[in-house]
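Per our numbering, the very first residue in the sequence shown carries number 58; after that it's consecutive.
A short worksheet on the structure shown next.
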Amino acid sequence: MQTVTTIREMQAIVRAGRRGSGILGLVPTMGALHEGHLSLVRAARARCTHVIATIFVNPLQFGPNEDFSRYPRTFERDVELLTDEGVDWLFAPSAEEMYPVGAQTTVDVPELGARLDGASRPGHFRGVATVVSKLFHITQPDLAFFGQKDAAQVAVLRRMVKDLNFPLELVVCPTVREADGLALSSRNRYLNEEERSRALVLSRALRKAEALAATGTPAMLRDAMLSEFESTDGVRVDYAAVVDPDTLLDVSDLSQGALLAVAAWVGNTRLIDNLLLPAREV
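The following block contains the structure:
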């Protein structure tokens with residue numbers, strides 16, 4: 058695996074590769090890799106001739122009181138993992154490389170970007186859309202791989218890809234979980250043993266609502282999720298929502314399926330999780 062740190066070199070590699078044939082896959086990450094990230098890499102390896110992974114902790118998507126400075130950084134271990142998985146290139150630029158002095162252009166998906174996580178993290182999805190659009194321009198992938206765990210991010214990026222006519226396919230891979238149901242996240246590293254146990258309430262709330270999906274209403278499913286959170290000490294709910302997975306707006310019925318999405322603070326750590334409900338059989 059070749060590690061690349063400048064935009065110019067990454068673009069030169071992509072241009073040279075485009076003279077040949079094959080499918081180029083992109084797996085964007087912020088590092089602190091876990092099995093969820095590696096599942097994206099494996100999906101890319103299965104479908105693509107060459108794979109670029111990125112590691113970049115993007116300052117634009119962190120608010121002033123969020124965890125940018127303490128976000129876990131495990132670069133050497135990440136390099137080992139990506140090398141073992143057969144990644145061809147790792148693009149790992151600095152913040153100064155991605156956002157040089159004087160840069161002022163951003164990409165915003167304003168309506169979607171203000172829903173779910175965007176409602177409690179203003180500007181977050183502007184930062185996500187900006188950095189991902191830059192990565193798409195720099196690497197020119199045919200396929201780009203993201204995880205279903207970040208469902209709101211997926212909706213925002215799908216809209217951006219459509220609106221800006223990016224010539225690529227956005228591939229969404231299933232959430233990877235621990236054996237007890239906890240969705241894998243780099244932020245799980247923040248949790249102590251007691252908080253780790255409390256964090257299971259997110260997946261329990263989703264399963265409780267899922268069990269009602271065949272006969273319940275959206276309001277019943279939301280109430281079920283909230284009641285599960287209320288029964289767990291040390292957890293503060295951000296949202297429990299039953300929404301359309303593309304628009305992130307509340308649904309009035311479940312006939313066409315829905316996205317169950319939750320976010321909560323466990324101690325000082327904000328975690329998210331979700332499940333997709335299929336359309337009801339007629």
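Every residue gets a Cβ at the ideal spot worked out from N, C-alpha and C, and that includes glycine.
All of these numbers come straight from a predicted model, not from anything done at the bench.
If we ignore side chains and look at the alpha-carbon of each, how far apart do residue i and residue j end up?
| i | j | result |
| --- | --- | --- |
| SER242 | GLY88 | 11 angstroms |
| LEU306 | ASN331 | 15 angstroms |
| VAL153 | ALA103 | It should be noted that the sequence gives Glu, not Val, for residue 153. Between GLU153 and ALA103, the C-alpha separation is close to 33 angstroms. |
| ALA276 | PHE203 | 29 angstroms |
| GLN161 | ALA201 | 25 angstroms |
| ALA69 | HIS194 | 12 angstroms |
| ARG215 | ALA297 | 22 angstroms |
| ARG293 | SER177 | 13 angstroms |
| THR274 | ALA236 | 29 angstroms |
| SER309 | LEU317 | 13 angstroms |
| GLU226 | ARG337 | 27 angstroms |
| GLU267 | ILE64 | 44 angstroms |
| LEU95 | ASP145 | 14 angstroms |
| PRO302 | GLY77 | 37 angstroms |
| LEU192 | THR272 | 43 angstroms |
According to DSSP, residue i sits in a beta bridge with which residue or residues?
| i | result |
| --- | --- |
| THR111 | PRO85, PHE148 |
| GLN59 | TRP146 |
| GLU226 | LEU200 |
| VAL334 | Checking the sequence, you will find Leu at residue 334 rather than Val. DSSP output for LEU334 lists ALA315 as bridge partner(s). |
| ARG327 | TRP322 |
| ARG234 | ALA240 |
Would residue i pass as a contact of residue j if the rule is Cβ separation under 8 angstroms?
| i | j | result |
| --- | --- | --- |
| VAL213 | LEU259 | no |
| THR187 | LEU117 | yes |
| VAL229 | VAL218 | no |
| THR62 | SER190 | no |
| GLY93 | LYS206 | yes |
| LEU311 | ALA270 | yes |
| Are three or more beta carbon pairs between the segment 252–263 and the segment 317–324 nearer than 8 angstroms? | In short, these stretches touch, since the Cβ pair count reaches three.
| request: Could you pull out every unbroken beta strand (DSSP E) segment of at least 3 residues lying fully inside the segment 160–212, listed in chain order? | output: Runs of the beta strand (DSSP E) spanning 3 or more residues and lying entirely within the segment 160–212 occur at 200–204, in chain order.
| Minimum length 4: unbroken alpha helix (DSSP H) runs contained in the segment 267–313 | Counting only runs of 4 or more, we get 275–287.
| Is there contact between the segment 164–171 and the segment 129–136, where contact requires at least three CB pairs shorter than 8 angstroms? | Between the segment 164–171 and the segment 129–136, the count of Cβ pairs shorter than 8 angstroms is below three; the stretches do not touch.
| message | Between the segment 75–83 and the segment 99–114, can you find at least three pairs of beta-carbon atoms closer than 8 angstroms? | response | By the Cβ rule, the segment 99–114 counts as touching the segment 75–83, because three or more pairs are nearer than 8 angstroms.
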